[in-house]
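One structure below.
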Amino acid sequence: MERLIPLKEFLEITGVKKSTAYNRWDPNSKYFDPEFPQPIHRKGKLLFSYTQTQNYAEKVVSNII
């Protein structure tokens, strides 16, 4: 079963602030990133796939190097 992580842990792994994350999810924002991991809504909370989050973070780091 896929491990789901809460928003706080997601933000720590990706290294972005909450407002930045919301901009990257918003297709109307100039900062929209279609590859940014999308939240899973469960019982009023935002959860994220740990695997997708790690893969995204690794991709971002590899593009910087």
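Start counting the sequence shown at -13; every next residue gets the next number (my numbering).
From the three backbone atoms N, C-alpha and C, an ideal C-beta is built for every residue, glycine too.
query: For the alpha helix (DSSP H) that contains Ser48, what are its first and last residues?
result: 36 to 50 is the extent of the alpha helix (DSSP H) around Ser48.
Contact set for Phe22: own chain, Cβ-Cβ below 6 Å, skip 5 residues either direction: Excluding sequence neighbours, Phe22 sits near Arg10.
query: What is the DSSP secondary structure of Arg10, reduced to helix, strand or coil?
result: DSSP places Arg10 within a helical segment (H, G or I) once states are collapsed to three.
Contacts around Leu(-7), its chain only, beta-carbon distance under 6 Å, and the 5 residues preceding and following it disregarded: Within the same chain, Leu(-7) has close Cβ partners Leu32.
query: Given a threshold of 16 other Cβ atoms within 10 Å of its Cβ, counted over all protein chains shown, does Phe18 qualify as buried or as exposed?
result: Exposed: under 16 other Cβ atoms inside 10 Å.
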